[in-house]
Each structure stands twice: as structure tokens, then as C-alpha cells.
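Asks: Got a structure here, written out as C-alpha cells. Questions coming.
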Amino acid sequence: MATQEITEDMIFQCFAAAQQSQDMSRTAESFVDVEEYENQVMYPEFARWAEKAGYPRLASLFRKVAGEEKLHAVWLRELYTEMGVPGRGEDTQRAIDALETIRANCDALIAMNPDSVVEKALKVAIMVEEREALSIYPQFRDQALAEGDERAAGVYQKVVDSESQHAQWFHAALNDFQASARAATA
Ligand SMILES: [Fe+2]
Ligand SMILES: [Fe+2]
């Protein structure tokens, strides 16, 4: 069976978007669910691809960011001490399934064309981080502000800053990656 090409869009399907609800504690649950998914599943998988493709430094970057996603969940959990295990969001379950679907194909593709999978994973990571930093989490912060919950707003702002930094790190890593690919073919 021919190995199917993996597109950026297919990798982007592995991103789960946290959902805003009227009820702030449900917004918080969705946030924690997504951040813990990124920490436990999505970024470790990207790190595994990078490692397999022969880019251990990139694998370390994915693992470092994974660790910070965990921290984001920890910061918010401090405000919602009763939370426990958040319900698995629909979008998170869909993302888990999407990742499972491409996993075998990815392994085969990495064996044939490692650079292509790694470059796409980096581009998707940038999209994920920018979407959180510029759109999703600023809305959560504003919801908290509108309800006069300054502590939660402060946490969401800290997360926005951190996701922006993640986007910058991934941009820099992509630039390096593309520059060394160009140097190799020059
Ligand atoms: Fe995060
Ligand atoms: Fe992030």
C-alpha cells in the first residue's frame, strides 16, 4: 500500500481548541483539558517525530514547550482547586483520534522523507501557538475581566505571553531548519 502524504492540514487536525462557555469554570475545565492534552499527547508526539527524523534539538524544544503547557494547566488549577480530572472535550477527543489516524503513516513517511514531516509539524506548532496567543486565550482573559475575576484574568494573560513566546521559539526553529536545509542543497 502506498504511503499517503501527510499535509499540514492533517497535522493541524491534531490541535484541540479550548472552548469558551458562559460558565467560567467550564471555560477553565476546557482550558485545562486542552493544555494537558498538549502536554501529554500532542507535543510528545511531535518530539517523537523530530527525534526519529534525526533532529534531537528540535525534539528537546517540543518537549520543553510540552512542559510549559503542563505549567499553564497548573497555574489555572490553583484557582480551581476542586476541578479534578476535567471532562474530555469533544474537540480534544477529535484531535486525539486525528493524531491516532496519522501516526502510522507519519512513521512511514519519516523513514522516507524526514524533513518534510518535521517542517510541517513546526509550521503547525506556530499556527497552534498563534491561535492560542492571539485569539483563544485573550478571549478567556476578557471573559474573566468582564466578570471581575482579576486572578483568573492574570493567569490567562500570563498564558497569552507564554504562548506568544512559544510561537517565537517555533518561528526561530523553523528559520534555522529552512536555512540549514538550503545550505545542504547549495
Ligand atoms: Fe499552553
Ligand atoms: Fe504553547
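Just so it is clear: in the sequence shown, position 54 is 69 by my numbering, and no numbers are missing. The beta-carbon is built from N, C-alpha and C at its ideal position, and this holds for glycine as well.
1. Use the C-beta contact count for A68: other C-beta atoms within 10 angstroms, 16 or more gives buried, fewer gives exposed.
2. At which residues does the alpha helix (DSSP H) containing D130 begin and terminate?
3. Tell me whether H87, by its Cβ, gets closer than 8 Å to a heavy atom of ligand 2.
4. Helix or strand or just coil, what does DSSP make of D176?
5. Taking its Cβ as the centre, do 16 or more other Cβ atoms sit within 10 Å of M127, making it buried, or is it exposed?
6. Which residue comes first and which comes last in the alpha helix (DSSP H) that contains E50?
7. With the cut-off set at 9 Å, would you say A148 and L76 are in Cβ contact?
8. Identify whether A31 lies in helix, strand or coil by the three-state DSSP scheme.
9. Distance, Cα to Cα, T107 vs Y58?
10. Rank R109, K135 and D176 by C-alpha distance to the C-alpha of N190 and give the top, closest one.
11. I'd like the span of the alpha helix (DSSP H) that includes R156, first residue to last.
12. Applying the 10 Å Cβ sphere with the 16-neighbour rule, what's the burial state of S177?
13. Taking C-beta to C-beta, are Q34 and S45 nearer than 9 Å?
14. Check the C-beta distance from I21 over to L124 and give it rounded, since I have them as a contact under 8 Å.
15. How about V80: is its Cβ closer than 8 Å to a heavy atom in ligand 2?
16. Regarding E145 and ligand 1, is the C-beta to nearest heavy atom distance less than 8 Å?
Replies: Straight from the coordinates:
1. buried
2. P129 to R146
3. yes
4. helix
5. exposed
6. M39 to Y52
7. no
8. coil
9. 14 Å
10. K135
11. Y152 to A161
12. buried
13. yes
14. 6 Å
15. yes
16. no
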